[in-house]
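Heads up, the thing below is written out as structure tokens.
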Amino acid sequence: MTLTVSAPRFEHHREARGIGEPRPRLSWVVESAPAGWTATAYRVAIVRGDATDRYEVEGGDQVLVPWPAPALASRERADVRIAVRGADGAWSAYSAPATVEAGLLDLSEWTAGPIGSIENENPLTDTRRPMLVRREFAAGPGLVRARLYATAHGLYQAEINGVRVGDDVLSPGWTVYRERLRYYTYDVTHLIREGANAIGAWLGDGWYRGRLGWRGGFRNVYGDDQSFIGQLELTYADGTRETVATDTSWRAASSPILTSGIYDGETYDARQERPGWSSPGFDDREWGRVQLRRRDPATLVAPTAPPVRVTQEVSPVEVLTTPTGRVVLDFGQNLVGVVRLRATAAPGTTVTLRTAEVLQDGELYTRPLRDATSTDVYTFAGRPEGEEWEPRFTYHGFRYVEVDGWPGDLHRAVADGGLVARVLHTDLERTGWFTCSNPLVDRLHENVVWGMRGNFVDIPSDCPQRDERLGWTGDIQVFAPTASYLYDCSGMLAGWLRDLAAEQLPDGTVPWFVPVIPSDRMWTPQRPGAAWGDAATVVPWTLFTRFGDAGVLRAQFDSARAWVDLQSEIAGPSRLWDTGFQLGDWLDPAAPPQDPADARADRHLVAGAYFALSARLVARMAAVLGESEHAESYGRLADEVRDAFAAAYIGSDGTMTSDAPTAYAVALQFGLMPSELRAAAATRLADLVHAEGNRIATGFVGTPLVSDALSANGRLATAYDLLLEEGCPSWLYQVTMGATTIWERWDSMLPDGSVNPGTMTSFNHYALGAVADWLHRVVAGLAPDGPGYRRIRFAPRPGGGLTHASARHRTPYGDAAIAWRLDDDGLHVDLEVPIGTTAVIDIEGHGDEDLVPGRHTRTFAVQR
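The numbering of the sequence shown is the UniProt record's numbering, which starts it at 1 and goes up by one.
This is the structure we're talking about:
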């Protein structure tokens, strides 16, 4: 077989234009190789300008290897190719080239400042008008490259010569703006003409100064200006460079967007459009001056992940007429995005689109949105050729859209594509798939995927629809393993962790949500809380185990240590975190609707368990990083916390002081249950599950752990009983009730079809979907057995009447896959092991077998 290698990838970038790393690490996949082939060396060929440099490195690594050349300079491009050598001494041909381009790495090279309308907009109202800014410039002959480096205080969309720049939306996203404001790099060479040109930008409030938070929320959290920062650089064949930067020479005017907000939607009047405003020759004499604001260039950072984009279009599946005569579109899927409309109408015709996730009594039901208006309004200009529009600076979580004022036959319009949902989220690469013989379980898994898509809108949020949409640390702490299987979220979560560290208080307290916004007395000032604060340790460790990136451990090590040191200080010599406010096993189904923290499991038991886990993870991080003293000290601390936990909460017979499923799950899964008591504890856990009729009795903490606690301790059948239960509360109850995403509450919709009366009721929350990781690892049987899947464990555990299951995951080394089926002849397993890894197949009742790269088929006799 021919030896071939893929083009390299740079860091975790899906697109490597305008990156912020001067020495980007390289990764590649060996796509094909002779049987038994192993790597012994690699070559890197780097073309920089007219020079080609080659580097040869001994060793078999291929994931995140060091950049071998001098560092990239600002704006510098390089074409990189890879070749590999096997143990036989033969080299592959070089791969296809991959291009990397640095952003503005030297802060002194930023000449653009934030500019916006000089009008004194009222910073306390919600009626501030989104603005346009523009200027004209000339380009000379011999242009070879043009780059726009852009960001904003608020949100922006740039245009050059009447053409939209890029396809990203909601840029520059949401970061801790005072510390980190992300900028994007656009190749706009094709948009520049010799002679007269124009550049401009639409502006919106976004997260920067728009309304954030519940109970009315807060405005101007980061500032009260709406400003564009743009630096257009024109490079000519003779090497000269001209810069067109945002400064006081620009002009500003109001846009056709009358109002815009993340929560509330957008109002647009096409009659107020300014045709040609971003093209040369436009008369802007009536436009106003701009004001130059401040921004420290040291806070401008390149992205570590792709931007938010529209990734799919969904058409309505039905046009409904409600009992009150309103017209509602059903898109058949709870999704996140906006609705695009296309129609022809008389000038002044106004269409209103109200969105919601559910119907109640046949009507659009908006109470779960709380104070989010979630309404878009478009007024037609009356163009005879028709008009097309979608909101620029908002997004909604919805399945249903109420349409008011549509001009003409709505059924015909739907059939002709006149109303389409545009699905948007961070444009991550899909890397994981699962299917099995039970269609309800397949739908559950699909719901998890849609829930992740809808809540990975620049940050890992809790929900995408109501007046919240925050980066709750507890949610991603439990969901990170599932997220890391389904999508390559390494760069996105690594960037979010930098914000976590930036928001962390000097004493080590990790906020409940990142970025932080003001809130009511429960959430600010910040207080330390178990399971939420432990995102500082669990998420970096998850990224290491799933993507093989020790760099994220180094970047977050101080943050993780600070969190564990705080826990140690709070616990004191007792090593028990048994005081203070805790959310505990949040949203245990037994908790009252308005008191989600009132769970069956002792909240301080949960806190002690997470203290032990985080101390252990910091010890492991230290070991990976070669910090031997820290590895030893935090290892001792973890042992002390484990022993204190056992003494305080575990009886001599394996029963626990808090006789609840979550208590047993954390003790078993966090290594806190003495080995001689594990069987007894698992038996008690199984008994509790059966006593509940196999219905869920866990919340945010226990749910991701309970299935593993059962299946890893001889109670696989009970884990399947829990998975396949359809009564309320259960995973499949949601499916049987028509859910197309994961709900916040087990019973967000009650069995009678009414919505849970709690004011905190979302139909798109991913946290309880963390069970999908168990589906991948245990039901299908595909799991990492070494960092980044360099060693893979295939350990399927059939049960629950399933007759087949399969999983495929795009590891850093290539695709790993398993497909098993049960029939009268036994258990048939087909496996795929990527080149550069090793694997083991582990079937109960049969000895482990080591596997080399390639495809393998095995059949095992089983008792059925």
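All residues carry an ideal CB built from backbone N, CA and C; glycine is no exception. Note that this is a predicted model, so its numbers are computed, not measured.
The three-state secondary structure of Pro-460, taken from DSSP, is strand. The closest CA to that of Gly-769, considering only Glu-109, Cys-436, Gly-173 and Thr-482, is found on Thr-482.
According to the DSSP assignment, Pro-439 belongs to the alpha helix (DSSP H) that extends over 439-455. The straight-line gap separating the alpha-carbon atoms of Thr-40 and Thr-542 is approximately 28 Å. In its chain, beyond the 5 residues on either side, Arg-797 have a beta carbon closer than 8 Å to the beta carbon of Glu-844.
The continuous stretches of alpha helix (DSSP H) do not include Tyr-177, and DSSP gives it neither H nor E. Per the C-alpha coordinates, the member of Ala-709, Glu-503 and Leu-26 positioned closest to Pro-68 is Leu-26. In the pairwise beta carbon analysis, the stretch 694-705 is classified as touching the stretch 660-671: at least three pairs are separated by under 8 Å. His-690 sits in a helix when the DSSP states are folded into three classes. Boundaries of the beta strand (DSSP E) around Val-423: 419-426. For a cut-off of 8 Å, the C-beta gap from Val-176 to Asp-499 is around 5 Å, short enough to register as a contact. Beta-carbon to beta-carbon, Tyr-610 and Asp-558 are separated by about 19 Å, too far to satisfy the 8 Å threshold. Between the beta-carbon of Thr-151 and that of Ala-305 there is about 15 Å, and that puts the pair past the 8 Å contact cut. Within the UniProt domain "Alpha-L-rhamnosidase concanavalin-like" (321-411), the runs of beta strand (DSSP E) that reach at least 3 residues and sit entirely inside it are, in chain order, 327-343, 350-356, 358-360, 363-365, 375-379, 387-389 and 396-404. Comparing alpha carbon positions, the residue from Leu-410, Ala-98 and Ile-82 closest to Trp-91 is Ile-82. In the structure shown, Asp-565 adopts helical secondary structure according to DSSP, grouped into three states. Shown here, Ile-835 sits in coil according to DSSP, grouped into three states, outside any helix or strand.
For Tyr-268, the enclosing beta strand (DSSP E) stretches over residues 265-269. Taken in chain order, the whole beta strand (DSSP E) runs of length 3 or more contained in the UniProt domain "Alpha-L-rhamnosidase C-terminal" (781-850) are 782-784, 791-794, 804-811, 814-823, 826-833 and 838-841.
A Cβ-Cβ distance of about 6 Å is found for the pair Ala-739 and Asn-447, placing them in contact under the 8 Å criterion. Listed in chain order, the non-local C-beta contacts of Ala-615 below 7 Å within the same chain comprise Val-564, Tyr-634, Leu-637, Ala-638 and Val-641, local neighbours out to five positions each way being set aside. In the DSSP assignment, Ile-257 falls within the beta strand (DSSP E) that extends over 257-261.
For the set Gly-49, Ala-816 and Ala-112, the Cα lying nearest the Cα of Glu-101 is the one of Gly-49. Between Val-133 and Gly-113, the C-beta gap is not smaller than 8 Å, which leaves the two residues out of contact.
DSSP places His-190 within a helical segment (H, G or I) once states are collapsed to three.
Counting the other Cβ atoms within 10 Å of the Cβ of Val-163 gives fewer than 16, which makes it exposed.
Annotation: the continuous alpha helix (DSSP H) that includes Met-492 extends over 490-503. Counting the other Cβ atoms within 10 Å of the Cβ of Gln-226 gives 16 or more, which makes it buried. Residue burial is scored here from C-beta neighbours: Met-1 has fewer than 16 other C-beta atoms within 10 angstroms and is therefore classed as exposed. Bridge pairing for Arg-81: Ala-45 [DSSP]. Val-301 and Glu-242 have their alpha carbons spaced roughly 22 Å apart. Only residues of its own chain outside the window of five on either side were considered, and among them none has a CB closer than 6 Å to the CB of Met-760.
Membership of His-12 in any beta strand (DSSP E) is not indicated, and neither H nor E is assigned to it by DSSP.
Just so you know, the alpha carbons of Tyr-184 and Asp-205 end up roughly 18 Å apart. In the assembly as shown, Glu-725 is a buried residue. Its beta-carbon has 16 or more other beta-carbons within 10 Å. Of Asp-842, Ala-201, Pro-384 and Thr-349, the smallest CA-CA separation from Gly-276 is found for Ala-201.
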